[in-house]
Amino acid sequence: MTGVHASAQQGFSTQAVTYAQGRPNYPRQLTGWLTETLRIDAQSTVIDLGAGTGKFTRLLSTLAPTLIAVEPVAAMGAQLTRLLPGVRLVNGTAESIPLASASADAVVCAQAFHWFSTQAALAEIHRVLKPEGRLGLVWNVRDETVGWVAAITEIITPYEGDTPRFHTGRWREAFTGVHFSDPELTCFPYSHVGSPQEVIMDRCLSVSFIAALPAAEKATVTAQLRALIQTHPDLRGRDTVAFPYQTQAYVCQRLS
1 MTGVHASAQQ GFSTQAVTYA QGRPNYPRQL TGWLTETLRI DAQSTVIDLG AGTGKFTRLL
61 STLAPTLIAV EPVAAMGAQL TRLLPGVRLV NGTAESIPLA SASADAVVCA QAFHWFSTQA
121 ALAEIHRVLK PEGRLGLVWN VRDETVGWVA AITEIITPYE GDTPRFHTGR WREAFTGVHF
181 SDPELTCFPY SHVGSPQEVI MDRCLSVSFI AALPAAEKAT VTAQLRALIQ THPDLRGRDT
241 VAFPYQTQAY VCQRLS
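According to UniProt numbering, the stretch in the sequence shown is residues 1 to 256, in order.
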């Protein structure tokens, strides 16, 4: 099996519970996109690739009873099984999906494709999809037009190193016209509403490369985030915060 990036293996193993608590869910409009654009219905066989703790799997499970979650990090998969005991979970990676060829109507990757955006992964996704199959890529992207959100990015980005990230756009380089059409984008606004601890602290501390930091550096990041919450005029003294996101959903058609 192809290896998992060290940031993902270490960070997501240590912070699986924080991830489950701090990551946002998805906007209601995304259900329409899944049914209309990805054409997922009650007859579809769907693979949730890089399923993590099951945040997106839960949404898919309401639409597609035949759902298979693929996740290589055991601690994340344990959270998924606790949340969704009825969903079939298999240990695999994007380059090595332990499922039959032409067995799925759709493959969906939520918050995940930047980890494995390679020709090998697209070839393997192409293999497991039926001829008319679709690949869906979904990310919740922080809305950095909001001042305090931009400040959060300034706090955490210095630590990213060589960790694959959505914002670099490098994930697009895998689409060379061989296995799939170019990704087509639909955008939805979304707010993750909750306590500052949940929507800011838990969210940021669950970022893979932050979760994998040595204790002293993680403490520095934690202190900076707490200071932001305590001093920024839009956050100070608030019990509830709405963290703004833009949900970006991309559909890619399988090429024969």
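Ideal placement from N, C-alpha and C gives every residue a C-beta, glycine not left out. Just so we're clear, the structure is a prediction, and the values are computed from it rather than from any experiment.
With C-beta atoms as the reference, is residue i less than 8 Å away from residue j?
| i | j | result |
| --- | --- | --- |
| Asp162 | Lys130 | no |
| Leu89 | Leu80 | yes |
| Arg254 | Leu83 | no |
| Gly54 | Trp115 | no |
| Phe243 | Ser191 | yes |
| Thr37 | Leu63 | no |
| Phe188 | Leu30 | yes |
| Ala112 | Gly32 | no |
| Thr247 | Pro65 | no |
| Leu137 | Pro85 | no |
| Thr153 | Arg142 | yes |
| Ala69 | Asp48 | yes |
Tell me the DSSP secondary structure of residue i in three-state form.
| i | result |
| --- | --- |
| Glu36 | helix |
| Pro244 | strand |
| Ala249 | strand |
| Ser256 | coil |
| Pro158 | helix |
| Gly147 | helix |
| Pro189 | strand |
| Val141 | strand |
| Val178 | coil |
| Thr31 | helix |
| Thr45 | strand |
| Thr168 | helix |
Is the shortest distance between the beta-carbon of residue i and the beta-carbons of chain B less than 8 Å?
| i | result |
| --- | --- |
| Gly169 | Although the question refers to chain B, the structure presented lacks it and comprises just one protein chain. |
Which partner residues of residue i appear in the DSSP bridge assignment?
| i | result |
| --- | --- |
| Thr194 | Contrary to the premise, residue 194 reads as Gly rather than Thr in this sequence. Beta-bridge pairing links Gly194 to Val241. |
| Glu173 | DSSP lists no partner for Glu173. |
Inset, instruction - May I have a chain-ordered list of the alpha helix (DSSP H) segments no shorter than 4 residues that lie completely inside the UniProt domain "Methyltransferase type 11" (48 to 135)? - result: 55 to 61, 74 to 83, 119 to 128
Legend entry - 4-residue-minimum alpha helix (DSSP H) runs that sit fully inside the segment 205 to 247, ordered along the chain: 208 to 211, 215 to 231
Inset, instruction - Taking 8 Å as the threshold, find out whether the segment 171 to 181 comes into contact with the segment 222 to 230 through three or more Cβ pairs. - result: no
Inset, instruction - Answer yes if the segment 193 to 200 comes into contact with the segment 233 to 245, meaning at least three C-beta pairs across the two stretches below 8 Å, and no otherwise. - result: yes
Legend entry - Touch test, the segment 94 to 112 against the segment 56 to 65, Cβ-Cβ under 8 Å, three pairs minimum: yes
Inset, instruction - Evaluate contact between the segment 96 to 104 and the segment 199 to 212, counting only Cβ atoms and requiring at least three cross-stretch pairs below 8 Å. - result: no
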